[in-house]
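Have a look at the structure below, then the notes.
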Amino acid sequence: MSPRTPSRRGGVRLDAGAKAVLRAWADLDRFELPEVPTSEEKGWAAVGEIPRWQTPRPWPPRPEKAPERQDRQVLVTRVLFGCLPVAELEGLLDELFPDDLRFRATGVRRRPTTGGALTCRGSFLLDDAGRPIGDSLSYSPLIDFARHVQHHVAAGTPLNGAVGKALRAIDARETKLRTDWERVADGAPENADPAAVVLQLLRSVSVQRDVFRYATWWVPTGQQPAGQLPAFFRDDLLAAVQHPTSPLVGDYLSGRPRGRPATTQDVRDDGVLAELVTPFRMPRAAWPGEHRPRLSQQVAVSAVVGADAQRILSVNGPPGTGKTTLLRDVYANVVTDRAEAMVRYADPAKAFGPRRELPSGTQRTWELHAPAADLCGFEMLVASSNNAAVENVSRELPSLDKVDPGLRDVVSYFRPAANPEPPSPKGAVPRRTGRPGLLAKGEAWGFAAAVLGSRDRVSAFTEVVDRYRTARGTTDLLSLLGAGATDAQWAAARRRFREARQAVERRCAELAEVAEGLAVVDDLAGRREAERRAVEDAERALTRATEDVGRARQAVADHEGPAAAAVLAVEGVSAQRPGALSRWLQTEAAASWSARMAAAEEAAETAARELEARRVVLARVLGAEEGAREAARAAAAAQRAAEERLRRLQAAVAACPERVDAAWWQRPRAARESGPAWIDADLQRMRGELFAAAMHVHEVFARRAGTQMQANLRTWMALQTNEVETTVAREVTLAAWQAFFLLVPLASTTFASMARLLRDVPTGSLGWLIVDEAGQAVPSAAVGGLARFRRAVVVGDPQQLEPVVTLPDALVAQLMRHHGAAAELAPNRASVQTLTDSITRFGTERLGTWLGLPLLVHNRCLEPMFSIANEIAYAGEMISGRLEPGPDDLMGPSRWIDLPRPDGAHFRTEDAERVLELLRRVDWAVDQSIAIISPFKEVVRGLRRPVEREVLALLPPERRSKEGREKALDSVRVGTVHTFQGQEKTAVVLVLGGGSNGARAWAAGSPNLLNVAVTRAQDRLYVVGDRSAWADVGHARTLAEWLPFGPD
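Our numbering applies: residue 6 is where the sequence shown begins, and numbers increase by one.
Here it is in C-alpha cells:
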C-alpha cells in the first residue's frame, strides 16, 4: 500500500463517470513541475551541477555553514536528473498545444513568469554519508510526456492519439525507472563507494542529454524531507478509483460548476429563513467573542451543525464577511458536543481501550490506548491550498484577543502550555520566549489548535509539546497531563458543564415558547371579546337556572301543604271507621265511610304525585343550576387563564428584543441582516459560557486520564517521525489520530501535505474536514481529505482568486477528453467551491448561479472599496457592516494616481517614484499596515528593493534598532495579488502596471483579481496606473468610476 493511500474500511464505489474524472485529475496532478533548488541559502545549502558521469569531491558536497549542534541536524542531499530550463519546456508545450485561447487573446500565459528557473524529470535522496535513501525516487513525467507527444505528432499521429501514446509511455517509463533504481540501490554492497553508487543510479534513470544537479542542506535528525515530486494528490485520486471511498467523495463528484442540487432551499425565502433561525434548532454553544453573529452567519452555523445537516455543504464568504468567525462557532459546537459525551464517564480513564504496546526499530516501545467510539467523530482539520489561510484559522483560534474581555478569565484550556514562558530574572540564563507552532505574539487562551502539515510544522508542534520539558521551570503539555486531576475536580467540571447546558436549554425553551406564542398572541387578543361574552352568557344562564330553582322550590312548597292535609284527611276518615259488625253487615254507615275513605285516599295520592312531580322538577333545575354555576366558573377561569397567558406572552415577547415577529420581518434588509435572530446579549453570553465549560471538561478529562493521554501523545509524535514499526503503525494510525484530536481539537494543513500527514488513515473515519479559501483550490485537491472524513464544510468565494493551473488550457482539455471525463470538471474550469456550491441544498442564486450558504455583511472596508467590490463581484448584494470610522489621514484620501505611459514593460521607474512619494506622507514614528500589490510579478520585483530602502530611510532615529527596522519592513509588504489573499491592511497601494492590451484584459477581464486587490484595504486604496489605458477595460471601469483621480 502506498503511504499516501487511505486504508479501506467500507465506503461507496464510484460510477464510471466519477472514476474517469479522478483518472484525468491524477494525470494532471503529476504534470505539476518540481522546482530545482539553485540558491545556497546564504551558505546553509550547497547546490550545483554534477558533471556527466563524475561526482564532486568530497561526496556528498557540504554547505559552507553548519549548525552548532550537529547532533540535532543531519545532511540530506537531493540528486536531480533531467534538469531543464522551465522556459524551454514551456516553449515546447506552447508549440504542441497552440490553441490556448487565453494565451492567444491576452498574450499572458496562465503559468507565472519563471525567468531562469529549472525543473527536472525526477530526483532521489541521499543520507549524510551520500548513500541513497530507500523509496526516495520521485518521477515528474511532464518533460518525457511533452517529448513523446512531439515525437508522435511529428510522425503524423493526431494530437489526441499522441496524448494517449505519451501517457502509456510515461507509465511504462515510471515502472522501468523504479525497477532499475531499486535494482541498483538495493544491490549495492554496504562498503561500496557512495559516489560510485550514485553514478550507477544516474545511469539507470537517465536519458540522453540529461543534466544532473545536487542540492544539500541540513534537516533535524529523524526528519526526512518530502519527495521532490509535486504530485500531491495522485495516489489519493487513484485510490478512490480502485477502492470504495467515503460517501463525501461521491457527493462531491456529483457537483458541476454553475449547477444546482435537485432540491434547493433559498435562504432569502422567509419560510426557509424562519426555519433556520427558530430557537428549536439554535446551536447551543457559541464562540465567546465580543460581538453577536450577523444573521447570515447564524443561518450558516445553524445549517452546518443542525441535526439534519448535509454531510458536505458550502458557505460563500466574500472578503470581510466573517468566515473565520463562523468557523469559530462551528468549533465551539463540535467541542461542546464531545464534552456532552465526556461527562457521561464517571471515570475518564475508563474511556479508553486496553494498553497496547507498539514496537519500534530500536529497543524502545510505545503504547497506545484507543479512545472509546463515542468520543470519536469530532476531529476537526482545516485544509487549504493557501498556507496563510490555514494558519490564519489555527493561529487566531487560540488568541485571547478574540475572546470577550468579560469571559477571558473563564475560557482556558491548558493555558500555561500555550503561552510563552515568563521573562527570566535579571542575570539568569535567558529562556526561550516563543513557542514554535503556536501564537507568534500575544497571549493564547488555550492549546486549542495546532498548525501541522509540513514536517517543519509538525516538528515545531512536537517541540512545544515535549522538548521544552528539559528547560527547568517550563510548563509543557505533557507535564500538565502528568499532573493529573482529582475526582472532585472532575465532578466539579461535569457539574459546571451540565449547569451551563441546562441554562442554555432553559433559555432556548423560553424562546421557543415565545416563538410559539407569537403565533397566538394576536389571536388571544382578538378572542378577548368572545371570552367576555362567554362569561356573560354563562352568568346569565346561571341566573336563569337560579330563578328556575326558586320557582321550583316555591312549587314544591305550594304542594307540600295540600299533600300533608290530604294525609291528615285520610287519617281523620280512618279514625271514623265503623266497627267490624257494621262493615260485615255492610250497613249504610259502613258504605258511606268506605266511600269517604276511598275519596280521601285518592285525594292524598293525587296530592303526593303532584308534590313528587314538583320535587322532580326541583331536582332537575338544581342540577341545571349547578351545571350553569360550573360553566360560569369555567368560563371565568378560562378568561383569567387566557388573560394570564396573554400577559405572560406579552411580557416574554417584550423581554425578547431579538424576537422574530411581524415587525422583524418588516425591517429593511440591511437592518435585519446586521444582527442575529432571537439571540440577545444574555443568551450569547450563556452560549459562550457553555463553550468555556466544555473546554474545561476537555482539560480536566485529559488530566484525569493523564496516563493514557500522555502515552497516546507520545505515540502520535513517534508516528510522525517514523519511530514505530511500519506494519504496526498502519494498524494504529487511526486510533493515534483520534487520540491526538481528543487532546488538540483542531489542526490545520495544506492540501499538499495532507496525504503524507494522514497516511494510513482509513476511509470515512475522522470527523470534520473544513476547507478554507476553497475558491482558490483545484477540485482534485480536496478528494484525499474528503475520502478520510465524515463531514465537510467548504468555505470560500468563487469571486476571489481562482485556482492556478500552470498547464496550457489545450493540454488540460486533451487529457480530460482522453479519459472521457466531463470537460466542465477540468481544474481550469472548476474549483472545490464551485463543485460544492452546486450540491448544497441551502443557499441562494446570484447572477444566475446557485451558491451555498451566503455570508452577506461586510465588516472590513470603508468606501469606496466596499462599493467597488460589491458592484464588480457581488451584484450589489453585500451589506456594509463597518461601523467605526477610518483614520483622519494616511497618505491622503483614496484616489487613482494617474500615470500615463506607453505600452511596453509592466514596470517602469515612474511606478516606484509614485509609490515612494506616498510612503513619504506616512508618519513612521508609529506602526503602519500597508500593502503594495500588483497583478504582475515584474512590477513586484521592480518595487521591492526601492520600497525597502525608502522605508528604512524614513524611520526616525528612535526606530532604527534592528528590531525597529525589521518591524517597519514587516509593516509594509510588497507582493502580487495572489500572495495577499486572506490578508488585510489599513492601506493598499495597487500598482497596475500592464504594458499591453492583453495584459490589462487578463487582469481586469474577470472580477476576481481586482476584487481581491481592492478588498485587502480596510481604510484607504491608492491606485497607481495609466487611467486612460485601464478605464475602459473590464472591471477596471468600476474602479475608475469610483476613485477620484489626478497626477498625485
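A virtual CB, placed ideally from N, CA and C, is assigned to each residue, including glycine. Here the structure is a predicted model, which means the values were calculated and not measured.
- Sequence-distant Cβ neighbours of A193 in its own chain, meaning closer than 6 Å and more than five residues away, are V202.
- The alpha-carbon of Q270 is positioned some 9 Å away from that of G276.
- For K990, the enclosing beta strand (DSSP E) starts and ends at 990-996.
- With fewer than three CB-CB distances shorter than 8 Å, the region 350-367 does not count as touching the region 750-770.
- No Cβ-Cβ contact shorter than 9 Å links S319 with A787.
- Judged by beta-carbon spacing, A490 lies within the 9 Å limit of R708, meaning their Cβ atoms are closer than that value.
- When the beta-carbon positions are compared, A595 and P583 come within less than 9 Å of each other.
- As DSSP reads the structure, R361 sits in a beta bridge with L373.
- Counting along the chain, S579 sits inside the alpha helix (DSSP H) bounded by residues 533-580.
- When DSSP reads this structure, P90 sits in a beta bridge with L123.
- The DSSP assignment places 275-282, 300-310 as complete runs of the alpha helix (DSSP H) inside the region 264-325, in order along the chain (cut-off: 4 residues).
- The Cβ-Cβ distance between L33 and S836 does not fall below 9 Å.
- In this structure K972 is not in contact with Q1023, their Cβ atoms being roughly 19 Å apart against a cut-off of 8 Å.
- Only buried fits N833, as 16 or more other CB atoms lie within 10 angstroms of its CB.
- Per DSSP, the unbroken beta strand (DSSP E) holding R978 starts and ends at 977-981.
- Residue pairing of F129 in beta bridges, as defined by DSSP: V84.
- Distance between A535 and Q315, taken at the CA atoms: about 47 Å.
- The beta-carbon distance between L695 and T341, rounded to whole angstroms, is 6 Å. This is short enough to meet the 8 Å contact definition.
- Straight through space, the alpha carbons of W742 and W721 are spaced by roughly 7 Å.
- The count of Cβ pairs closer than 8 Å, one atom from the region 963-970 and one from the region 988-1006, stays below three, leaving the stretches out of contact.
- For L94, the CB contacts under 8 Å within the same chain, skipping 5 residues up- and downstream, are L38, T124, L147, I148, A151 in chain order.
- For E54, the pairing in a beta bridge is given by DSSP as R218.
- Residues P567, A568, A571 of the same chain have their beta carbon placed closer than 6 Å to that of A612, with the five preceding and five following residues left out of the count.
- Taking every protein chain shown into account, the CB of G577 has fewer than 16 other CB atoms within 10 angstroms, so this residue is exposed.
- If the five residues before and after L654 are omitted, its C-beta is found closer than 6 Å to the C-beta atoms of G522, V526, all from its own chain and listed in chain order.
- Closest in C-alpha terms to I55, from the list H824, V469, D215, Y257, comes D215.
- Three or more Cβ pairs drawn from the region 607-621 and the region 554-564 lie within less than 8 Å of each other, which places the two stretches in contact.
- Put simply, the backbone Cα of G382 is about 15 Å away from that of F357.
- DSSP places S417 outside both helix and strand once states are collapsed to three, so it counts as coil.
- Around the C-beta of P68, 16 or more other C-beta atoms lie within 10 Å, and the residue is accordingly described as buried.
- Looking from the CA of A624, the closest CA among A550, P252, A608, S141 belongs to A550.
- Distance between A697 and Q689, taken at the CA atoms: about 12 Å.
- Short of 7 Å from the beta carbon of Q581, and not among the five residues preceding or following it, lie these beta carbons of its own chain, in chain order: W598.
- Apart from the 5 residues on each side of it in sequence, R57 has no Cβ closer than 6 Å to any other Cβ in its chain.
- In terms of CA proximity to A936, V1017 leads the group V1017, G969, R400.
- Excluding five sequence positions before and after F794, the CB atoms of its chain that fall closer than 6 Å to its own CB belong to L771, L774, given in chain order.
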